[in-house]
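**Student:** Residues 11 to 66 in our numbering are what the sequence shown spells out, letter by letter. Before anything else, here's the structure in question.
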Amino acid sequence: MPITRTPPEIPPDVGQQFADKMRQFHAEYSPLKRDEIAADTRHPVLEHMPKVLSYG
Numbered sequence: 011m012p013i014t015r016t017p018p019e020i021p022p023d024v025g026q027q028f029a030d031k032m033r034q035f036h037a038e039y040s041p042l043k044r045d046e047i048a049a050d051t052r053h054p055v056l057e058h059m060p061k062v063l064s065y066g
């Protein structure tokens, strides 16, 4: 039985913010600032990701 997944429905403005932040990330030389950009970018995207079910 194949596993079917639906793609996450990320609003266009959140997707655009993600793309802008990733450009900033790749243009930054400081590892500390890159970590800060990555952390700030992750949170809004995760809000729109599907929740994972735990089997246990």
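Each residue gets a CB set at the ideal place from its N, CA and C atoms; glycine is no exception.
On the criterion of 16 or more Cβ atoms from any shown chain inside 10 Å, does residue 47 qualify as buried, or is it exposed?
**Tutor:** buried
**Student:** With DSSP collapsed to three states, give me the class of residue 46.
**Tutor:** helix
**Student:** List the endpoints of the continuous alpha helix (DSSP H) containing residue 15.
**Tutor:** Here residue 15 belongs to no alpha helix (DSSP H), and DSSP marks it neither H nor E.
**Student:** Mapping the DSSP letters down to three states, classify residue 53 as helix, strand or coil.
**Tutor:** Helix.
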